[in-house]
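See structure below.
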Amino acid sequence: METQVAAGKASALRRPFSRRLGRKAADKLWWWICQLVLIALLIFIAFPFYWTVVTTLKTPGEQFAKVPAFLPHPATLDNYKWVFQHKDFMRSLRNSLILAPLGAIGAVIITTSFGYSLARYRYPGKQAIITFLVATQMLPGVLTIVPLFVVFSKLKLVNTYIGLLLGYWTFSVPFSGLMLRGFFTNFPVELEEAALIDGCSRLGAFLRITLPLTIPGIVTVALFAFIGVWNDLLFALVLTRDLDAMTATVFLNNMITQQYSSTNWGGMIAIGSVLTLPTVIFFVFLQRAIITGMTAGAIKG
């Protein structure tokens, strides 16, 4: 009898241990499954970028080989030399390098004041404005490109920097304004009130208190505007006619469509690599500010 009781107690003591052991094994198995899934997703996402860079380092013979090589033999920089020696491409790249920063700066200036007014001030029609801004996000850009082209043609703004910038701001301002509205809404109004009590004007409190503490949101808006202008093809394709204002994306599109039979595909891919580089660099160095700005602006947006 005593033996049976002792055996029962021993089995009772072993059950929690076995359960803990089983739970640990299940947790570890689940951890490995998650890691394998993440690795597979990383390979799936990163492989096109890897293949793009590798292809730019290959000779034309290797690019079209029946058995693809995952590493160039030998590596060559001829494609990049061709890119940077192409005068028309360098001219279009200069246009993009001018338009993208101007588009980002203009979007920040407009949406900062606009988003702040939506978050802090009360005036008739404010809710209607917010509703209208949200509704504009449901319209694809292709629906408005023809009316914009007609208006800009009458105003002599086609094939000009100003026309392109106005088109870019038309679509970046509503989204960015709503994002910054959410950011300013979450900003403690007590800090501004304390500055007003200390003698600051409303503008002084905004410039000295609010703006420095909302840098993550402003950086996010600037980066989104920069990427939107840098990667744009639709507006630049319709609103430009020659190299005076043609962007690098339009130049690449024209080379592919107009010279399809004799296109230097290695050079085309090298152009794509060059155009991808700025956005990758900005995201790597500003990713914390971007994530902070997007999450803070989405809480009460």
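Numbering-wise (the working numbering), the sequence shown opens with residue 783 and increments by one. All C-beta atoms, glycine included, are put in the ideal place defined by N, C-alpha and C. Source: prediction; values computed, not measured.
What span of residues does the alpha helix (DSSP H) with residue 1036 cover, start to end?
First-last of the alpha helix (DSSP H) with residue 1036: 1030-1040.
Pick out whichever of 893, 986, 1018 has its Cα sitting closest to the Cα of residue 924.
Closest by alpha carbon: 1018.
Name the two residues that bound the continuous alpha helix (DSSP H) containing residue 872.
Note, residue 872: alpha helix (DSSP H), 869-902.
Could you check the C-alpha separation between residue 977 and residue 956 for me, to the nearest Å?
Cα to Cα, the separation comes out at about 29 Å.
I'd like to know whether the C-beta atoms of residue 1027 and residue 903 end up nearer to each other than 7 Å.
The Cβ atoms of residue 1027 and residue 903 lie no closer than 7 Å to each other.
Which residue's Cα is closest to the Cα of residue 1101: 1036, 846, 1002?
This structure cannot settle anything about residue 1101, because the visible part of the chain is limited to 783 through 1083.
Please identify the residue among 844, 866, 867 whose C-alpha is closest to the C-alpha of residue 856.
Considering only alpha carbons, the answer is 844.
Mapping DSSP to helix, strand and coil, what is residue 998?
Collapsing the DSSP output to three states places residue 998 in a helix.
Residues in the same chain with beta-carbon distance under 7 Å from residue 1049, minus the five sequence neighbours each way, listed in chain order, please.
For residue 1049, where only same-chain residues beyond five positions count, the Cβ hits under 7 Å are 861, 864, 865.
Helix, strand or coil at residue 908 according to DSSP, with G and I counted as helix:
Three-state result, residue 908: helix.
Residue from 827, 852, 879, 991 with nearest C-alpha to residue 1031
Closest by C-alpha distance to residue 1031, out of 827, 852, 879, 991, is 879.
Out of 981, 901, 917, point me to the one whose CA is closest to residue 961's CA.
Minimum Cα-Cα distance from residue 961 among the listed residues 981, 901, 917 corresponds to 901.
In three-state terms, what does DSSP make of residue 787?
Caution applies to residue 787, whose pLDDT of 46 falls short of 50 and renders its modelled position unreliable; the model cannot decide the point.
Buried or exposed: where does residue 1167 fall if 16 or more other Cβ atoms within 10 Å of its Cβ makes it buried?
Examination of residue 1167 is not possible in this model, given that the chain is present from 783 through 1083 alone.
Taking just the CA atoms, how far does residue 812 sit from residue 1024?
In this structure, the CA atom of residue 1024 is about 57 Å from the CA atom of residue 812.
Please report the distance separating the alpha-carbon of residue 950 from that of residue 807.
Whole-angstrom Cα-Cα distance: 54 Å.
State yes or no: is the C-beta of residue 1021 within less than 7 Å of the C-beta of residue 921?
Going by beta carbons, residue 1021 and residue 921 fall outside the 7 Å limit.
Judging by CA-CA distance, which residue of 906, 839, 846 is the nearest neighbour of residue 853?
Each of 906, 839, 846 was checked against the Cα of residue 853, and the nearest Cα belongs to 839.
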